[in-house]
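*Asks:* I'd like to ask you about the structure that follows.
This is the structure:
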């Protein structure tokens with residue numbers, strides 16, 4: 001029988017003999033492998049740096065998006081507040097009989113003038 005377990009156990013005191021000769025290009029292959037392994041480690045480090053940079057950029061984009069929407073919401077609130085103030089101001093001026101627009105604008109429903117009022121100084125182009 002030729003089983004693995006039937007093989008004699010080598011003595012620890014005797015050196016292990018190589019049964020197979022090394023490939024003739026073994027050293028060249030090992031040098032190439034070590035070179036590729038070193039390049040792979042460098043590429044992995046570069047990839048890790050790029051990944052960290054991408055994560056930082058993504059975090060900044062999320063923060064900027066949140067800031068933008070907060071600003072947009074505050075701007076809308078401000079615009080609504082200003083509209084309310086302007087409407088209230090026009091209402092108060094109408095109640096006291098004051099004009100609600102400068103005197104050089106014609107009364108509603110006429111369109112606004114296309115040229116500036118004549119009493120303002122004209123500057124040469």
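Numbering (UniProt numbering), first residue to last: 1 to 125.
Just so you know, even glycine gets a beta-carbon here, dropped at the ideal spot from N, CA and C.
Since we're looking at a predicted model, the values are computed, not measured.
1. Please classify residue 28: does DSSP put it in a helix, a strand, or coil?
2. Look up residue 70 in the DSSP assignment and say whether it is helix, strand or coil.
3. Consult DSSP for residue 86 and reduce its assignment to one of helix, strand or coil.
4. What's the C-alpha gap between residue 59 and residue 77?
5. Quick check: the Cα distance between residue 73 and residue 62, rounded to an integer number of angstroms?
6. Would you report the Cα separation of residue 23 and residue 38, rounded to the nearest angstrom?
7. According to DSSP, is residue 22 part of a helix, a strand, or is it coil?
8. Grab me the residues of residue 35's own chain with a C-beta within less than 7 Å of its C-beta, minus the 5 sequence neighbours each way, in chain order.
9. Rounding to the nearest angstrom, what Cα-Cα distance links residue 81 and residue 69 in this structure?
*Replies:* So, from the data block:
1. Counting from 1 along the chain shown, the entry for residue 28 is found at position 28. Three-state result, residue 28: helix.
2. In the chain shown, residue 70 corresponds to position 70, counting from 1. In this structure, residue 70 counts as helix in the three-state DSSP scheme.
3. Indexing the chain shown from 1 puts residue 86 at position 86. Of the three classes helix, strand and coil, the one that applies to residue 86 here is helix, per DSSP.
4. Locating residue 59 in the chain shown gives position 59, where the first residue counts as 1. Locating residue 77 in the chain shown gives position 77, where the first residue counts as 1. Spanning the alpha carbons of residue 59 and residue 77 requires a straight line of approximately 27 Å.
5. Counting from 1 along the chain shown, the entry for residue 73 is found at position 73. Counting from 1 along the chain shown, the entry for residue 62 is found at position 62. If you draw a straight line from the Cα of residue 73 to the Cα of residue 62, it is about 17 Å long.
6. Along the chain shown, read from residue 1 onward, the residue named residue 23 stands at position 23. Along the chain shown, read from residue 1 onward, the residue named residue 38 stands at position 38. Between residue 23 and residue 38, the C-alpha separation is close to 23 Å.
7. Working through the chain shown from its first residue, we reach residue 22 at position 22. Three-state DSSP puts residue 22 in coil, outside helix and strand.
8. Taking the chain shown and counting its residues from 1, one reaches residue 35 at position 35. Around residue 35: no qualifying Cβ.
9. Counting from one through the chain shown, the residue named residue 81 turns up at place 81. Counting from one through the chain shown, the residue named residue 69 turns up at place 69. Approximately 18 Å, taken between the alpha carbons.
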